[in-house]
Each structure stands twice: as structure tokens, then as C-alpha cells.
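Chemist: Starting off with a structure, shown below.
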Amino acid sequence: MGEQKANVRKRQQFIEFQLAWEGKLQRKQLQDQFEISPQQSTVDLGEYSDAYPSNIAYDPRQRAYVRGTAFAPQLTDGDVSEYLAQLEMLSKGYSEENEIWPVNVPEFDTVAVHSRPIAPETFKLVLAAIRQRQCLKARYVSLSSGSEGFRAVLPHALASDGHRWHVRAFDFDKQRYSDFVLSRLEANGFTDTPGDDLPRDVDWTSTIQLVLTADPAMPEPRRERLESEYRMRKGALKIKIRQAMLFYYLRFYGFNPHDLEDGIMRNVSSFHLKVANMEEVEKWLGRRN
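Heads up: the sequence shown begins at 25 in the working numbering, then just goes up one per residue.
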């Protein structure tokens with residue numbers, strides 16, 4: 025029953041997606057997308073129309089359901105990212121063109137990031153270690169120190185910096201939690217956990233707030249446009265994040281946490297932003313040797 029309801033909701037979301045971004049939907053599109061009968065597609069469209077009558081209308085001239093004049097998203101966010109995510113799936117080869125939801129796919133291109141692939145066997149071990157709370161015998165290839173020997177690490181989470189995936193793990197060799205780039209990690213099995221009482225990963229469990237503003241040195245019209253672009257409220261963009269992800273968020277917004285001046289990160293962003301709470305950010309970054 026639960027799966028059936030989930031399938032119905034997915035088809036209803038597809039209807040709304042087409043109305044939002046294509047402006048119309050023909051019954052056959054729904055049939056073909058989900059491989060359902062004409063009768064079922066009629067039921068789905070009828071149920072959506074009954075639930076959200078202002079969102080949809082039937083146009084006999086086009087023989088299609090069209091977006092209502094008072095359309096407002098109900099089952100989707102209505103955010104452009106929903107559409108672009110479909111193009112990302114296509115560009116990365118995760119979906120075929122007939123599998124994604126946009127009907128009239130515009131010509132587009134994306135930057136293909138070439139990096140060392142993640143070893144499937146290592147990733148399977150990482151997943152198993154997280155699920156079973158087991159320790160891995162792993163070797164890490166660092167750009168700064170080269171290939172290191174095998175050591176015990178205890179993974180507990182995965183994290184992405186927007187470009188690469190990392191595994192968050194306790195490193196018994198260095199006695200601290202660290203992020204390991206998955207493509208640089210080599211694991212060859214499980215090992216006994218050295219010790220019982222591990223410290224809590226405070227950086228991972230702690231939530232902090234990064235506050236960004238437009239560079240005050242910018243002319244006011246440009247500053248206002250930037251504030252609008254980032255949907256700032258009262259001139260500030262406040263982002264709640266895990267403390268462990270702060271470094272990645274700073275890089276994402278154009279800052280370089282390694283670019284220091286008098287031991288403090290230079291408050292300079294390639295996107296003309298400023299960190300408003302620098303004192304807190306420096307404390308959260310926790311500079312370490």
C-alpha cells in the first residue's frame with residue numbers, strides 16, 4: 025500500500041513538473057513515462073485536477089492539460105534546481121533522454137570533472153564499516169605526504185564538498201576525526217578497533233551559522249543585485265551547516281581558508297562576498313598542525 029501511494033505521488037509530481045516548466049501535459053506523456061494504462065493516467069490527472077483545480081485546465085484545441093492562470097506548486101518546490109537536476113542526471117549518464125522529466129530538452133553542456141575514480145571494493149567496505157560500526161584497515165594517498173602506510177580508521181559518515189566525496193572517519197594514527205577523499209583511499213578489510221572509548225565527533229554533530237554579506241566596497245546598485253541573487257534578508261545570507269563542513273562551504277562561496285594574513289583567513293571571496301562573523305568562523309575552523 026505504501027509503495028502504491030508513493031508511485032501515485034511521483035506521478036502527481038510529474039504532472040506538476042510538466043505544468044510548471046513545459047506549460048502543458050498530454051495524457052500519453054504520463055502513460056509513457058510511467059508505463060501505465062490510459063485509464064490510470066486519466067485517474068491521475070483527474071485526482072490532481074480535483075486536488076488543485078487552479079493549477080490545471082484542459083485545452084481541447086491542444087488536446088492537452090495546460091497550466092492554470094493561478095498556478096502555484098503544491099507537490100514540488102517550484103525551484104529551478106529541480107529542472108536543472110534532471111539535466112545533470114542526463115549529462116552524467118545516469119539517465120537517458122527519454123527517462124528524464126523535461127520533454128523539450130534545451131541544448132546544454134556541463135563541465136565534466138575528471139578525477140581518479142573511487143575503487144568499488146573500497147567503497148563497499150566503507151559502506152559496510154559505517155553500517156556495522158567496524159574499523160577499516162586503510163591506506164591513504166595524500167597529495168602533501170604521498171602514499172602512507174595502512175592504519176586503522178573508523179568511518180561513520182559520507183560528505184561531499186560539491187566536487188568530491190569524502191568519508192568522515194576517526195583516524196587512530198592521528199587520534200582525530202578527518203575527512204578522507206574516497207578516490208585516494210585504499211581499504212583491504214576490517215581490523216580490530218584500537219581502544220573502546222572514542223571521542224565524540226563534535227565538529228560533525230555541532231550546527232553553526234555562517235553569515236555572508238555583499239562586499240560593502242561595491243557600488244550600491246551592484247551590491248543590491250548581489251543581495252537579490254543570493255536571496256539575502258536584511259543584507260545577510262545566514263546558512264546553518266555542520267561545523268565539519270565549514271571549510272567546504274567557504275570554498276564553495278569563493279573563499280580560500282588556506283589564504284592567511286597574520287594567521288587569519290583573508291576575508292576575500294571571488295564572488296564579492298564577505299564573512300560577517302569572521303571571529304566565530306576562525307574559531308570553528310580550528311587551525312591545527
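Backbone N, C-alpha and C define an ideal beta-carbon position, used for all residues, glycine too.
The structure displayed is predicted, hence computed values, not measured ones.
1) Select from Leu160, Ala238, Ala136 and Arg247 the residue whose C-alpha is nearest the C-alpha of Lys298.
2) If you draw a straight line from the alpha carbon of Asn319 to that of Val205, how long is it in whole angstroms?
3) Classify Val177 as buried or exposed, calling it buried when 16 or more other Cβ atoms lie within 10 Å of its own Cβ.
4) By Cβ distance, which residues of its chain are closer than 7 Å to Asn313, with the 5 residues on each side in sequence left out?
5) What residue does the beta strand (DSSP E) around Arg200 start on, and which one ends it?
6) What first and last residue would you give for the alpha helix (DSSP H) that runs through Ala94?
7) Given a cut-off of 8 Å on the beta-carbon distance, is the pair Phe58 and Asn79 in contact?
8) Can you give me the Cβ contacts of Val127 inside the same chain, cut-off strictly under 6 Å, excluding the 5 residues immediately before and after it?
9) What residue range does the alpha helix (DSSP H) around Trp308 cover?
10) Give the C-beta separation of Tyr82 and Asp185 to the nearest angstrom, bearing in mind that I take them to be a contact with Cβ-Cβ under 8 Å.
11) Please report the straight-line C-alpha distance between Glu285 and Ser294, rounded to a whole angstrom.
12) Within 10 angstroms of the Cβ of Thr146, are there 16 or more other Cβ atoms? Answer buried if so, exposed if not.
13) What is the DSSP secondary structure of Asn313, reduced to helix, strand or coil?
14) If we require 3 or more residues per run, which beta strand (DSSP E) segments fall completely within the segment 202-253?
15) How would you write the range of the alpha helix (DSSP H) that Asp56 sits in, first residue to last?
16) If you drop the 5 nearest sequence neighbours on each side, which residues of the same chain put their C-beta closer than 8 Å to that of His180?
17) Thinking C-beta only, is Leu151 closer than 8 Å to Leu160?
18) Does DSSP classify Trp67 as helix, strand or coil?
19) To the nearest angstrom, how far is the alpha carbon of Gln36 from that of Asp68?
Modeler: By the coordinates alone:
1) The sequence position of residue 298 within the sequence shown is 274, counting from 1. Cα-wise, what sits closest to Lys298 is Ala238.
2) Examination of residue 319 is not possible in this model, given that the chain is present from 25 through 313 alone.
3) Stepping through the sequence shown from its first residue, residue 177 is reached at position 153. Its Cβ being crowded by 16 or more others within 10 Å, Val177 is buried.
4) Numbered from its first residue, the sequence shown carries residue 313 at position 289. In this prediction, Asn313 scores a pLDDT of 43, lower than 50, which makes its location untrustworthy; the coordinate-derived value is nonetheless stated afterwards. Within the same chain, Asn313 has no close Cβ partners at all.
5) As a working mapping, residue 200 is identified with position 176 in the sequence shown. Here the beta strand (DSSP E) through Arg200 covers Arg200 to Val205.
6) As a first step, residue 94 must be located in the sequence shown, where it is residue number 70. Segment: none, Ala94 is in no alpha helix (DSSP H) and carries neither H nor E.
7) Against the sequence shown, residue 58 aligns to sequence position 34. Against the sequence shown, residue 79 aligns to sequence position 55. Not in contact: Phe58 and Asn79 (Cβ atoms no closer than 8 Å).
8) Looking up residue 127 in the sequence shown gives position 103. Once the five neighbours on either side are set aside, the close Cβ partners of Val127 are Glu46.
9) Indexing the sequence shown from 1 puts residue 308 at position 284. DSSP places Trp308 in the uninterrupted alpha helix (DSSP H) bounded by Met302 to Leu309.
10) Indexing the sequence shown from 1 puts residue 82 at position 58. Indexing the sequence shown from 1 puts residue 185 at position 161. Separation of the CB atoms of Tyr82 and Asp185 is rounded to 47 Å, and the pair is thereby denied contact status at 8 Å.
11) As a working mapping, residue 285 is identified with position 261 in the sequence shown. As a working mapping, residue 294 is identified with position 270 in the sequence shown. Each residue's Cα considered, the two are about 17 Å apart.
12) Working through the sequence shown from its first residue, we reach residue 146 at position 122. Answer is buried; the Cβ neighbour count reaches 16.
13) Here residue 313 refers to the residue found at position 289 of the sequence shown. With a pLDDT of only 43 at Asn313, under 50, the local geometry of the prediction cannot be trusted, and no value is derived from it.
14) Complete beta strand (DSSP E) runs here, min 3: 209-215 and 231-238.
15) The residue labelled residue 56 in the question sits at position 32 within the sequence shown. Counting along the chain, the alpha helix (DSSP H) containing Asp56 begins and ends at Arg51 to Phe58.
16) In the sequence shown, residue 180 corresponds to position 156, counting from 1. Answer for His180: Ile154, Arg157, Arg192, Ala193, Phe194, Asp225 and Trp228, listed in chain order.
17) Position 136 of the sequence shown holds residue 160. Position 127 of the sequence shown holds residue 151. Annotated as distal: Leu160 and Leu151, with beta-carbon spacing of 8 Å or more.
18) Along the sequence shown, read from residue 1 onward, the residue named residue 67 stands at position 43. The amino acid at residue 67 is misidentified as Trp; the sequence shows Val. Three-state DSSP puts Val67 in a helix.
19) Along the sequence shown, read from residue 1 onward, the residue named residue 36 stands at position 12. Along the sequence shown, read from residue 1 onward, the residue named residue 68 stands at position 44. Cα to Cα, Gln36 sits roughly 7 Å from Asp68.
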